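Report on the structure given below.
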DNA sequence: GGATGAATTGCAATCGATTGCAAAGACGGC
DNA sequence: GCCGTCTTTGCAATCGATTGCAATTCATCC
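Chains as they are written, first to last, in the working numbering: chain A, 5 to 340; chain B, 5 to 340.
Take a look at the structure:
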């Protein structure tokens with residue numbers, strides 16, 4: 005039981021210890037200029053009272069925060085919620101990597117209303133660097149900030165004229181991989197499901213088209229757009245299945261879409277994989293737990309997160325970085 | 005193209021505008037003491053250069069950050085990753101609620117090594133309030149901090165002597181609901197799957213036991229512990245199924261466990277729901293997309309997030325709050 | 001013309017830490 | 001006893017904003 009209230013600032017702790025604030029600061033920082041006995045006395049006092057220095061003041065003085073901003077721009081999504089386990093998975097991996105380095109994560113879900121959303125965070129002084137998950141349709145805002153703000157890494161597609169650093173998988177290769185797999189399984193009437201306003205999805209779609217063209221099924225292969233998730237998407241899927249008679253292969257732009265598609269097929273009395281083969285994208289943890297287990301294109305998100313954080317820290321240190329494109333991998337399970 | 009570099013502090017902007025820092029501060033804050041023409045001139049200058057005030061300095065001066073800490077304590081989980089979509093769902097809803105109020109979210113995943121992890125965040129000055137998702141096995145740390153730190157809301161179980169505010173569902177009722185449903189379906193050899201070191205899970209298990217006792221199946225009903233997710237859990241499940249012959253009903257402590265269980269049953273040639281009925285818990289978005297769709301106990305996380313944030317803001321305003329226990333709801337789908 | 005008061009703006013303190021530099025104290029050597 | 005050196009500690013500036021209070025300007029009124 006303390007009679008005086010617990011000290012909350014260094015000056016209060018200094019008064020308790022009978023020394024100056026600077027001595028307390030140095031003692032807690034382990035500065036060797038401070039006498040061992042003094043340091044130990046102050047450390048004991050701090051421990052005893054559970055003293056915790058004010059990080060905001062510290063951050064202001066040091067001009068760094070040991071915090072990384074992680075931004076999810078939802079530019080092209082009507083729906084406001086994060087429902088794709090893909091995001092949690094990558095956020096979880098990022099949190100792991102950051103925690104290892106003693107950094108915190110400022111998570112922002114932004115629905116862009118102007119092109120200043122990224123600049124606001126970048127110049128607020130609240131974060132030492134920024135990771136953006138997915139370009140959405142916000143290339144302009146990303147480019148603008150990248151001109152003057154170095155510590156920025158984006159998960160997503162590697163685009164021609166882009167000046168910012170990205171980490172991602174080869175989406176075109178992934179789309180091709182998924183599609184060729186269906187064709188090898190003897191599927192001929194294929195559709196692609198995904199919202200191609202995001203560049204990653206557009207690249208996967210391009211990969212789908214390429215594989216279709218290679219196999220000479222241009223005429224019978226269709227490419228269709230559908231939102232990412234939710235009841236609307238499910239209903240839309242039912243409509244698509246009713247319209248597209250004879251479809252025997254589906255390439256989905258994400259596992260969540262694939263799973264909804266399987267459910268829609270089920271509702272229409274189509275068996276997966278007997279009547280229709282389905283390939284997802286991402287290999288989210290749930291993919292191997294659904295029935296049938298999901299054939300999918302695996303993106304190594306643990307590796308991706310590690311790369312993003314590694315690059316980001318090097319950028320923070322002032323070392324220029326280049327983008328990385330990882331190779332996606334086909335994981336064959338029951339749905340194809 | 006600016007010849008001078010862009011102003012990054014108010015004093016630089018003030019120099020540009022030919023006024024003092026205080027005038028800039030007041031102008032940007034919309035203080036009516038400032039002449040309209042002056043204010044407009046300064047605002048235009050700020051807009052033109054994309055000026056963004058330093059939030060760290062602002063936070064220090066105002067002693068508030070408009071940031072809420074969201075903490076995921078992983079005390080009882082061997083596995084370090086966030087893989088349960090339950091977390092993403094609740095984080096997404098919290099992010100929505102906070103964004104609406106113009107607040108940011110500092111996300112911390114902590115693997116508690118001592119009992120100071122919560123205090124460190126509480127007294128760092130970096131957040132105006134804290135939400136803890138799940139008590140895990142950290143009741144002691146929560147209690148300790150709650151003594152001296154008001155703005156704290158915990159998602160989880162409402163426990164007898166607890167001094168902090170919680171929001172959650174009635175886990176005992178949920179467990180009972182799920183179990184009674186299986187019993188009504190004619191199931192008699194039931195098992196509960198979940199890690200009861202977390203108090204929420206322990207309460208669900210107690211509800212399971214109560215329903216079993218009510219129906220007089222104490223002898224044949226078992227209660228078993230299993231980790232939350234991952235390949236280990238799946239293998240453990242296979243082992244359990246092999247040992248527990250004749251099981252015809254499973255109450256899972258989460259949807260993720262339920263889905264893994266269905267997959268294990270499938271691997272052992274048991275049909276769901278023909279041979280075994282399975283009930284999950286949470287009603288995560290994926291629950292209605294798996295095949296068979298999952299019967300589950302729905303927790304209204306949107307409502308829960310809204311309640312938590314509402315309580316937290318009232319606590320920040322100094323208004324004492326009480327805990328809320330929401331009523332869980334049985335959602336019957338195909339798996340039972 | 002001078003007093004009064006309202007409208008604007010600036011000065012300087014403040015939030016709580018860190019750190020360069022100076023000062024004080026300890027100690028030994030001559 | 002005095003001086004130089006080394007250790008240890010404190011003073012005060014700094015990070016970049018906000019804000020109470022004082023100062024200035026200017027119009028108005030008698």
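Idealized CB from N, CA, C, for every residue including glycine. Please read all numbers here as calculations on a predicted model, not as lab measurements.
Identification of chain A residues near residue 111(B) by a Cβ-Cβ cut-off of 9 Å yields 74, 95, 99, 108, 109, 110 and 111, ordered along the chain.
Residue 333(B) carries a strand assignment under DSSP once its states are collapsed to helix, strand and coil.
Interface flag for residue 54(A) against chain B is set, since a Cβ pair is found closer than 8 Å. In this structure, residue 202(B) keeps its C-beta atom at 8 Å or more from the C-beta atom of residue 237(B). Where residue 315(B) is concerned, the enclosing alpha helix (DSSP H) starts and stops at 305 to 320. Among the CB atoms of chain B, none fall inside 8 Å of the CB of residue 33(A).
In the DSSP annotation of this structure, residue 226(B) is not part of any alpha helix (DSSP H); the continuous beta strand (DSSP E) holding it starts and ends at 226 to 228.
DSSP, read as helix, strand or coil, puts residue 91(B) in helix. Annotated three-state conformation of residue 77(A) is strand, per DSSP.
Your pair residue 297(B) and residue 287(B) does not check out as a contact, with CB atoms roughly 11 Å apart and the cut at 8 Å. Its Cα nearest to that of residue 119(B), the residue 141(B) stands out among 141(B), 105(B) and 272(B). Ranked by how close their Cα comes to the Cα of residue 282(A), the residues 330(A), 195(A) and 325(A) have 195(A) in first place. By the C-beta criterion, the stretch 326 to 340 of chain B is judged to be in contact with the stretch 164 to 174 of chain B, since at least 3 inter-stretch pairs fall below 8 Å. When Cβ-Cβ separations below 8 Å define contact, residue 278(A) makes no contact with chain B.
In the three-state scheme derived from DSSP, where H, G and I count as helix and E and B as strand, residue 284(B) is classed as strand.
Cβ atoms of residue 320(A) and residue 155(A) come within 8 Å of each other, at about 5 Å. For the stretch 262 to 293 of chain B, the residues whose beta carbon sits under 7 Å from a beta carbon of chain A are, in order, 263, 264, 266, 267, 270, 289, 290 and 293.
In the DSSP assignment, residue 30(A) falls within the unbroken alpha helix (DSSP H) covering 25 to 33. Between residue 139(B) and residue 161(B), the CB-CB gap stays under 8 Å. Relative to residue 129(B), the option among 151(A), 322(A), 89(A) and 64(A) whose CA is nearest is 64(A).
Residues of chain B whose Cβ lies closer than 9 Å to the Cβ of residue 308(A) do not exist, since the nearest Cβ in that chain is about 14 Å away. DSSP places residue 259(A) outside any beta strand (DSSP E); the residue lies instead in the alpha helix (DSSP H), whose first and last residues are 259 to 271.
Every beta strand (DSSP E) stretch that sits fully inside the stretch 112 to 198 of chain B and reaches 3 residues is listed by chain position as 133 to 137, 156 to 159, 169 to 173 and 194 to 197. Per DSSP, residue 214(B) is one residue of the alpha helix (DSSP H) stretching across 203 to 218. Under the three-pair Cβ rule at 8 Å, the stretch 92 to 99 of chain A does not count as touching the stretch 13 to 30 of chain B. Within the stretch 123 to 145 of chain B, the residues whose Cβ lies closer than 7 Å to any Cβ of chain A are, in chain order, 123, 124, 127, 128, 129 and 130.
Taking 8 Å as the CB threshold, residue 116(A) stays off the interface with chain B. The shortest CA-to-CA distance from residue 208(A) to any of 178(A), 220(A) and 192(A) is the one to 178(A). Taking the beta carbon of residue 120(B) as reference, the chain A residues within 8 Å of it are 54, listed in sequence order. Per the C-alpha coordinates, the member of 55(A), 307(A) and 19(A) positioned closest to residue 126(B) is 55(A).
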